[in-house]
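Novice:
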Amino acid sequence: AAGMRASGERVLPAHTCDHPLRGYLMGCHAFTLEETGDYAAAELAGRAGLTYAPDDAWGLHAVAHVHDMRAEPSAGIALIEDHKSAWDGANNFRYHVWWHKALLHLDRGEMDIALDLYDSQIRADKTDDYRDIANATSLLMRLELEGRDVGDRWAELGALAEARIDDGCIVFADLHYQLALAGAGKGQPAQAMAARFARDAKQTGDMAERVADPGITALAGLNAFAEGRYGDAFVQLADARPKMQTIGGSHAQRDVFERMTIDAGLRAGHFDAAEQVLLERLALRAGKEDRFAATRFDQLSRARRIPAQ
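Read left to right, the sequence shown gives residues 43 to 351 (my numbering).
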C-alpha cells in the first residue's frame, strides 16, 4: 500500500486541475491514502476526484472504503446511492460496489437487505471471476458469523471453487475458495487445496513465499474453523495475521479473516488474546467501533462475568 501511495504521489504534480485525467488519478490516490490509514485525506481526495470525474467508480469506491473503516455505514450507503451513475454500468466491478453496500447495511444490522443484495446484485450473474467469488464468500461468511442462515447459497460457490483449487493465482483468491469449499461441505477438495499449498510452498519466487507464509497457516486456520476446532483455528489465524496484508486485497476484504480470528478466540475461550485482536482491529479502523466490534466486546464482557464451573 505504501508503494502504491508513493507511485501516485510522484505523478500527481503533473496532473494539474485542467488535466483530463486528474479526477481518475485522485481516485487512485484516495484509495492508497485509505489503505495507509489516512482516512480524512482519503475522503477529501476521493470526493474532490469525483468533482473532476463523476463517472469514476474507483474513486467512489475509495470513499466507500473510508466510511467502512470509520464505521459510518449511513454515510457510505448515501454515497453509493447518490453516485449510482458512476458505477452501475461498470463491468464486474459493480458487483464489488454492491458488496460494499451490503457490508454497510450489515454494519447497521440490516441482514435481510444484505442478503437480498447478494441474490439480486452480487450473484445475479453466476460469474467465476475470483474477485466475484471473493465478494460472495466473504459476505456469506460475515452473515453466518452474525448467526444468519444463508441456506444453500454455498453450493454454487463451492462448485466454482472446486474447479479452481489448482489455479494458484494469488493466496487471497485461494483463501476465499477455501471459504466456499468449507461452506459447501467439500472436505476432499479442501484437502486437495492444502496439498497443493504444501507443494507450491516448496517452489521459488514471491508467490511461493506468500503461500508458505502466511498462506499455509491461514489455510489451516480456516479448515480448523470449518471443523469447529476453534482453539486451533485461533492459534493458526492469529499466527498468520502479521503477514496477511501480503496476500493481496484491501483492509475491508481481509477483514473477514480478522472477524473469523476473533470469533474463533471467543468460541475457544481465549478471551484476553481475542480482546487483543479486537483492540488492534479497532486501532486500524481509526478507533471507531463498528457493529461487529461492539457485539464482540459485549460478548467478552458477558463471558467474563460468568463464574468458572
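Glycine included, C-beta positions come from ideal geometry on N, C-alpha and C.
Just so it is clear, the structure is predicted and the values come from calculations on it, not from any experiment.
#1: Only counting the same chain, and skipping five residues up and downstream in sequence, which positions put a Cβ closer than 6 angstroms to that of Leu221?
#2: Just verifying my parser: in three-state terms, what is the DSSP assignment at Gln341?
#3: If you check the beta carbons only, do Asp274 and Thr259 fall under 7 angstroms apart?
#4: Would you kindly check if the distance between the Cβ of Glu85 and the Cβ of Val108 is under 7 angstroms?
#5: For Ala156, is the classification buried or exposed, using 16 other Cβ atoms within 10 angstroms of its Cβ as the cut-off for buried?
#6: Under the three-state reduction of DSSP, which class applies to Asn265: helix, strand or coil?
#7: Could you check whether Ala95 and Gly65 sit closer than 7 angstroms to each other, using their CB atoms as the reference points?
#8: Go to His125, then tell me how far its alpha helix (DSSP H) extends in each direction, as first and last residue.
#9: For Gly91 versus Ala106, is the C-beta distance shorter than 7 angstroms?
#10: For the candidate residues Phe313, Thr93, Leu324, Phe334, whose alpha-carbon lies nearest to that of Arg347?
#11: Please name the residue in Asp297, Asp149, Leu199 whose C-alpha comes closest to that of Thr169.
#12: Please look up how many angstroms separate the CB atoms of Ala99 and Val139, rounded, as I've assumed it's under 8 angstroms.
#13: Nearest-angstrom Cα distance between Ser162 and Trp141?
#14: Is the beta carbon of Ala203 sitting closer than 7 angstroms to the one on Leu181?
#15: On the premise that Leu159 lies in contact with Pro115, defined as a C-beta separation below 8 angstroms, what is that separation, rounded to the nearest angstrom?
#16: DSSP on Val105, reduced to helix/strand/coil?
#17: Measuring only the C-alpha atoms, how far is Ala236 from Thr58?
#18: What's the C-alpha gap between Ala243 and Leu121?
#19: Report the rounded CA-to-CA distance for Asp255 versus Lys285, giving the unit in angstroms.
#20: Nearest CA to the CA of Glu103: which residue from Ala72, Gly311, Ala113?
#21: Thinking C-alpha only, which one of Arg173, Leu187, Glu269 is nearest Ile304?
#22: Please report how far the alpha carbon of Glu317 lies from the alpha carbon of Gly311, in whole angstroms.
#23: Confirm, please, whether the CB-CB distance from Gly290 to Gln278 is below 7 angstroms.
Specialist: Checking against the coordinates, here is how it stands:
#1: Residues Thr179, Met183 of the same chain have their beta carbon placed closer than 6 angstroms to that of Leu221, with the five preceding and five following residues left out of the count.
#2: Correct three-state label for Gln341: helix.
#3: No, Cβ-Cβ distance for Asp274 and Thr259 is not below 7 angstroms.
#4: With a cutoff of 7 angstroms on beta-carbon distance, Val108 and Glu85 are scored as near each other.
#5: By the 10 Å Cβ count, Ala156 comes out buried.
#6: DSSP places Asn265 in helix when its eight states are reduced to three.
#7: For the pair Gly65 and Ala95, the CB atoms are nearer than the 7 angstroms cut-off.
#8: Segment: none, His125 is in no alpha helix (DSSP H) and carries neither H nor E.
#9: No. Outside cutoff.
#10: Nearest neighbour of Arg347 by Cα position, chosen from Phe313, Thr93, Leu324, Phe334, turns out to be Phe313.
#11: Comparing Cα positions, the closest option is Leu199.
#12: That belief holds up - the Cβ atoms of Ala99 and Val139 are roughly 7 angstroms apart, short of 8 angstroms.
#13: The C-alpha of Ser162 lies about 11 angstroms from the C-alpha of Trp141.
#14: No, Cβ-Cβ distance for Ala203 and Leu181 is not below 7 angstroms.
#15: Cβ-Cβ separation between Pro115 and Leu159: approximately 13 angstroms, too far for a contact (criterion under 8 angstroms).
#16: Three-state DSSP puts Val105 in a helix.
#17: Between Ala236 and Thr58, the alpha-carbon positions lie close to 50 angstroms from each other.
#18: Between Ala243 and Leu121, the C-alpha separation is close to 42 angstroms.
#19: If I take the Cα positions, the gap works out to 7 angstroms.
#20: Note on identity: in this sequence residue 103 is His, with Glu being the wrong assignment. Comparing Cα-Cα distances from His103 to each of Ala72, Gly311, Ala113, the minimum goes to Ala72.
#21: Of the candidates Arg173, Leu187, Glu269, the one whose C-alpha sits nearest the C-alpha of Ile304 is Leu187.
#22: Cα to Cα, the separation comes out at about 11 angstroms.
#23: Going by beta carbons, Gln278 and Gly290 fall outside the 7 angstroms limit.
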